[in-house]
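A.B. asks: Let me begin by handing over the structure; questions about it come next.
Number of protein chains: 2
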Amino acid sequence: MENASGDNHAISAVTRAAVLGAGSWGTTVASLLSARVPTLVWARREETAAEINRAHSNLSYLPGLTLPAALQATSSLAAAVQDADVIFVGVPSHGFREVVRELAPFVGMRTPLLSLSKGVEAVTNARMTQILHEELPGRPIGVVTGPNLAREIMTGHPAATVVALHDHGLATAIQDVLTGPSLLVYRNPDVVGCEVAGAMKNVIAVACGMAEGLGFGDNTRATIITRGLAELSRLGEQLGGQQSTFAGLAGMGDLVATCISPQSRNRTVGFLLGQGRTLAEILAEMHMVAEGVKSCRPLLATAAGFGIEMPICEQVVAVCHEGRTAREAGIELLARKVGVE
Amino acid sequence: MENASGDNHAISAVTRAAVLGAGSWGTTVASLLSARVPTLVWARREETAAEINRAHSNLSYLPGLTLPAALQATSSLAAAVQDADVIFVGVPSHGFREVVRELAPFVGMRTPLLSLSKGVEAVTNARMTQILHEELPGRPIGVVTGPNLAREIMTGHPAATVVALHDHGLATAIQDVLTGPSLLVYRNPDVVGCEVAGAMKNVIAVACGMAEGLGFGDNTRATIITRGLAELSRLGEQLGGQQSTFAGLAGMGDLVATCISPQSRNRTVGFLLGQGRTLAEILAEMHMVAEGVKSCRPLLATAAGFGIEMPICEQVVAVCHEGRTAREAGIELLARKVGVE
Numbered sequence: 015m016e017n018a019s020g021d022n023h024a025i026s027a028v029t030r031a032a033v034l035g036a037g038s039w040g041t042t043v044a045s046l047l048s049a050r051v052p053t054l055v056w057a058r059r060e061e062t063a064a065e066i067n068r069a070h071s072n073l074s075y076l077p078g079l080t081l082p083a084a085l086q087a088t089s090s091l092a093a094a095v096q097d098a099d100v101i102f103v104g105v106p107s108h109g110f111r112e113v114v115r116e117l118a119p120f121v122g123m124r125t126p127l128l129s130l131s132k133g134v135e136a137v138t139n140a141r142m143t144q145i146l147h148e149e150l151p152g153r154p155i156g157v158v159t160g161p162n163l164a165r166e167i168m169t170g171h172p173a174a175t176v177v178a179l180h181d182h183g184l185a186t187a188i189q190d191v192l193t194g195p196s197l198l199v200y201r202n203p204d205v206v207g208c209e210v211a212g213a214m215k216n217v218i219a220v221a222c223g224m225a226e227g228l229g230f231g232d233n234t235r236a237t238i239i240t241r242g243l244a245e246l247s248r249l250g251e252q253l254g255g256q257q258s259t260f261a262g263l264a265g266m267g268d269l270v271a272t273c274i275s276p277q278s279r280n281r282t283v284g285f286l287l288g289q290g291r292t293l294a295e296i297l298a299e300m301h302m303v304a305e306g307v308k309s310c311r312p313l314l315a316t317a318a319g320f321g322i323e324m325p326i327c328e329q330v331v332a333v334c335h336e337g338r339t340a341r342e343a344g345i346e347l348l349a350r351k352v353g354v355e
Numbered sequence: 015m016e017n018a019s020g021d022n023h024a025i026s027a028v029t030r031a032a033v034l035g036a037g038s039w040g041t042t043v044a045s046l047l048s049a050r051v052p053t054l055v056w057a058r059r060e061e062t063a064a065e066i067n068r069a070h071s072n073l074s075y076l077p078g079l080t081l082p083a084a085l086q087a088t089s090s091l092a093a094a095v096q097d098a099d100v101i102f103v104g105v106p107s108h109g110f111r112e113v114v115r116e117l118a119p120f121v122g123m124r125t126p127l128l129s130l131s132k133g134v135e136a137v138t139n140a141r142m143t144q145i146l147h148e149e150l151p152g153r154p155i156g157v158v159t160g161p162n163l164a165r166e167i168m169t170g171h172p173a174a175t176v177v178a179l180h181d182h183g184l185a186t187a188i189q190d191v192l193t194g195p196s197l198l199v200y201r202n203p204d205v206v207g208c209e210v211a212g213a214m215k216n217v218i219a220v221a222c223g224m225a226e227g228l229g230f231g232d233n234t235r236a237t238i239i240t241r242g243l244a245e246l247s248r249l250g251e252q253l254g255g256q257q258s259t260f261a262g263l264a265g266m267g268d269l270v271a272t273c274i275s276p277q278s279r280n281r282t283v284g285f286l287l288g289q290g291r292t293l294a295e296i297l298a299e300m301h302m303v304a305e306g307v308k309s310c311r312p313l314l315a316t317a318a319g320f321g322i323e324m325p326i327c328e329q330v331v332a333v334c335h336e337g338r339t340a341r342e343a344g345i346e347l348l349a350r351k352v353g354v355e
């Protein structure tokens with residue numbers, strides 16, 4: 015399908031894909047796609063694009079791994095999306111709107127866009143698909159999410175992911191092109207639920223990391239993950255998401271993977287906070303983005319607007335942004351009165 | 015309340031407790047209780063009872079930990095339950111009915127019994143509370159369950175547990191006596207749901223261990239945990255359990271803790287199977303019981319009776335009892351056709 019085609023039907027098969035953002039997850043999704051269809055990944059930095067094209071590597075984000083020779087990169091947004099019949103956007107939340115706005119003139123009216131990013135925009139509290147709807151109105155918009163630690167997918171470990179789109183035929187086309195020998199791809203029409211889960215899980219992973227940094231064990235982590243999913247579900251349901259999503263791969267699955275993996279940046283930030291380091295110190299040493307640190311405040315504000323309690327998220331906000339120590343946060347959580355679950 | 019009292023009301027407060035079974039979890043629950051009320055733990059072996067009484071230790075199950083001085087032990091079932099107004103039964107599933115049958119003459123008609131065991135009886139496919147109802151008809155019967163790795167609770171790491179009983183007042187009394195400075199206790203009237211979750215989670219933990227033994231990472235584990243919870247929920251709902259239980263601490267919480275903890279015996283058995291060892295070799299070296307290995311067959315049989323698919327449980331049965339390798343099991347799971355989650 016041509017970008018600017020007048021075709022009213024959703025595409026039935028993906029023939030060419032674009033991925034915006036050459037971070038670890040963007041590069042991984044582009045690598046998966048390139049095994050099936052011509053795929054261009056957009057890197058903000060020209061050197062990164064050149065490295066992918068010439069050395070088939072991305073040392074900053076996926077050190078030690080070889081990318082598929084078929085994967086091509088560009089630092090031109092226009093070139094990246096020119097012939098693509100689907101666009102995946104894997105830009106961190108703080109730069110998401112800017113890239114999407116710059117992209118808009120080059121995107122056909124029927125080209126589907128799928129967010130790979132799991133954050134919430136500061137100030138506006140907007141989710142990534144809301145930004146896509148605002149900046150690129152009228153296009154089919156969805157997300158790809160799930161328990162997907164990039165490095166493990168690149169290594170070929172068995173995993174599963176979820177394509178969330180309202181349009182069944184389009185979802186099936188994207189399911190087809192993403193499915194690989196070690197990757198099961200599920201469909202889910204609940205875009206909002208998938209997206210809220212993806213943003214909230216990073217916040218809970220920060221809390222889980224804090225507990226580990228304080229020296230606590232697996233009961234504590236499992237309890238935070240479980241009660242965290244309850245918070246995530248309450249907020250997600252209020253925003254229109256489905257309980258079945260929160261219990262599935264995009265909800266619980268992604269939450270568990272992020273909370274247990276030493277590779278998770280959000281868990282790592284929490285771990286260091288739990289050990290008594292300050293957020294400023296930690297962020298100064300990381301070159302990747304920990305979305306949970308930024309998303310916790312807008313998510314808590316959104317929940318507060320609905321009168322929804324999110325005690326774990328509240329403690330993450332307090333530790334990240336209000337000077338509370340992780341130990342004090344733990345004591346607050348344990349002092350809560352509990353009854354029926 | 016006296017055991018044989020004619021009182022028709024549930025107890026309003028626990029004044030004396032008995033715990034049957036001095037394994038790691040029985041000893042831990044008894045230790046928690048002994049901080050609040052006089053508590054007797056029954057140990058099958060006289061030497062274990064003597065060790066608890068004299069050395070305040072249980073080297074076989076909780077090496078390196080000191081038990082509360084207030085905790086008393088006995089190897090006499092009659093003595094253990096004589097004055098107790100609540101009895102916790104923490105005997106492994108294969109010896110559960112025998113102990114309960116021997117116990118029956120000493121248990122008052124109104125004395126509540128709570129199972130601490132997470133297994134299913136071979137041959138009969140009976141859950142532990144079903145055995146209690148059969149052998150001790152008429153008594154209030156429930157379970158205590160949740161993400162409760164014994165050693166961590168003993169060490170005072172923050173955790174949460176669930177008391178499942180139909181009777182609200184009785185559940186509150188037990189909630190009160192179990193609550194400690196680092197332990198939050200929730201109530202849940204869904205006894206069946208809590209119990210099915212407790213049994214199934216051990217099976218899923220075996221599968222999770224297998225994936226780890228095969229060298230797979232956190233995405234794979236998170237996916238098994240999530241799809242495992244879906245199996246557990248399907249079976250549990252069919253048996254009368256509630257979805258909210260499966261999404262809570264007794265369901266997801268316990269499942270996650272068991273699947274991620276190196277302390278879990280079921281995960282360890284799976285890990286060694288994943289590394290290519292045989293079940294016979296592994297069990298010969300363990301002195302503790304891995305309930306999942308025994309429960310997987312009766313649970314699969316129960317599900318089959320309802321026409322419910324449990325693909326992960328099916329692979330655990332095949333690897334544990336039918337000579338399939340863990341690698342072959344993984345390939346079977348990945349070959350499944352998937353669609354909407």
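Residue numbers (our numbering), protein chains in the order written: chain D, 15 to 355; chain G, 15 to 355. Where is the CB? At the ideal position from N, CA and C, for every residue including glycine. No experiment lies behind these values; they were computed from the predicted model shown.
#1: I'd like the list of long-range same chain contacts for G35 (chain D), defined as Cβ closer than 6 Å, with 5 residues on each side in sequence excluded.
#2: I'd like to know whether the C-beta atoms of F120 (chain D) and A164 (chain D) end up nearer to each other than 8 Å.
#3: Let me make sure I understand the geometry here. Which of G:E355, G:G344, G:S45 has the alpha-carbon closest to that of G194 (chain G)?
#4: Name the DSSP bridge partner or partners of R141 (chain G)?
#5: Using 10 angstroms around the beta-carbon of R281 (chain D), count the other beta-carbons present and answer buried if the total reaches 16, otherwise exposed.
#6: Excluding the five sequence neighbours on either side, which residues of its own chain have a C-beta within less than 7 Å of the C-beta of L85 (chain D), listed in chain order?
#7: What number of angstroms, rounded off, separates the C-alpha of G37 (chain G) from the C-alpha of R58 (chain G)?
#8: Taking only beta-carbon atoms, is M11 (chain G) less than 8 Å away from chain D?
#9: Which residue from D:D97, D:I167, D:A63, D:V33 puts its Cα closest to that of S131 (chain D)?
#10: Once DSSP output is grouped into helix, strand and coil, what is the label at I218 (chain D)?
#11: Let me confirm a value: R241 (chain D) is counted as buried when at least 16 other C-beta atoms fall within 10 Å, else exposed. Which label applies?
#12: Looking at chain G, is there any beta carbon in it that lies within less than 8 Å of the beta carbon of H363 (chain D)?
#13: Which term fits V137 (chain D), buried or exposed, when burial requires 16 or more other beta carbons within 10 angstroms of its beta carbon?
#14: Measuring CB to CB, does V133 (chain G) end up less than 8 Å from E305 (chain G)?
#15: Write down the C-beta distance between G284 (chain D) and A221 (chain D) rounded to the nearest angstrom, noting that I regard them as a contact closer than 8 Å.
#16: Note down, in chain order, every chain G residue with its Cβ under 7 Å from the Cβ of M266 (chain D).
#17: Report the rounded CA-to-CA distance for L150 (chain D) versus Q252 (chain D), giving the unit in angstroms.
#18: When burial is assigned at 16 or more other CB atoms within 10 Å of the CB, is F260 (chain G) buried or exposed?
#19: Give me whichever residues DSSP pairs with I155 (chain D) in a beta bridge.
#20: Mapping DSSP to helix, strand and coil, what is A236 (chain G)?
#21: Which two residues bound the contiguous beta strand (DSSP E) that contains F102 (chain G)?
#22: Quick check: the Cα distance between T292 (chain G) and L76 (chain G), rounded to an integer number of angstroms?
#23: Using a beta-carbon distance cut-off of less than 8 Å, what residues from the stretch 69 to 84 of chain G approach chain D?
#24: Please decide whether N139 (chain D) counts as near chain G, where near means a Cβ-Cβ distance under 8 Å.
#25: Measuring CB to CB, does P276 (chain D) end up less than 8 Å from N139 (chain D)?
#26: On the criterion of 16 or more Cβ atoms from any shown chain inside 10 Å, does E16 (chain G) qualify as buried, or is it exposed?
#27: Helix or strand or just coil, what does DSSP make of A213 (chain D)?
#28: For A340 (chain D), I'd like the list of residues in its chain whose CB is within less than 7 Å of its CB, leaving aside the five on either flank, ordered along the chain.
#29: Please report whether the beta-carbon of C201 (chain G) lies at a distance below 8 Å from any beta-carbon of chain D.
#30: When you compare each of D:G170, D:P126, D:E323, D:A343 to V330 (chain D) by their alpha carbons, which one comes out closest?
#31: If I measure Cβ to Cβ from K215 (chain G) and keep anything under 6 Å in the same chain, skipping five residues before and after, which residues do I get?
#32: Closer than 9 Å, Cβ to Cβ, to anything on chain D: give me those residues from the stretch 265 to 287 of chain G, in chain order.
#33: To which residues of the same chain is A213 (chain G) closer than 8 Å at the C-beta, ignoring the five residues directly before and after it?
#34: Helix, strand or coil for V33 (chain D), going by three-state DSSP, please let me know.
#35: So which of G:G109, G:I155, G:H108, G:V113 has the shortest CA-CA distance to M123 (chain G)?
#36: Using three-state DSSP, classify L198 (chain G) as helix, strand or coil.
C.D. replies: Taking the definition as stated:
#1: G104, V105
#2: no
#3: G:S45
#4: G:V134
#5: buried
#6: A44, S45, S48, T53, V55, I66
#7: 10 Å
#8: It is not possible to answer for residue 11 (chain G), since the shown part of chain G is limited to 15 through 355.
#9: D:V33
#10: helix
#11: buried
#12: Residue 363 (chain D) lies beyond the stretch modelled for chain D, which goes from 15 to 355, so this question has no answer here.
#13: exposed
#14: According to the sequence shown, residue 133 (chain G) is Gly rather than Val. Yes, the pair counts as a contact, with Cβ atoms nearer than the cut-off.
#15: 6 Å
#16: T240, L243, M266
#17: 25 Å
#18: buried
#19: D:L127
#20: helix
#21: 100 to 103
#22: 27 Å
#23: none
#24: no
#25: no
#26: Per-residue confidence for E16 (chain G) stands at a pLDDT of 38, beneath the threshold of 50, marking its modelled position as unreliable; no derived number is given.
#27: helix
#28: M224, G227, L228, L287, G288, V333
#29: Looking at the sequence itself, residue 201 (chain G) is Arg, so the reference to Cys does not match. Yes, contact with chain D.
#30: D:A343
#31: D268, L269, T272
#32: G265, M266, G267, D268, L269, V270, A271, T272, C273, I274, S275, P276, Q277, S278
#33: K132, G133, V134, R141, E305, S309, L313
#34: strand
#35: G:I155
#36: strand
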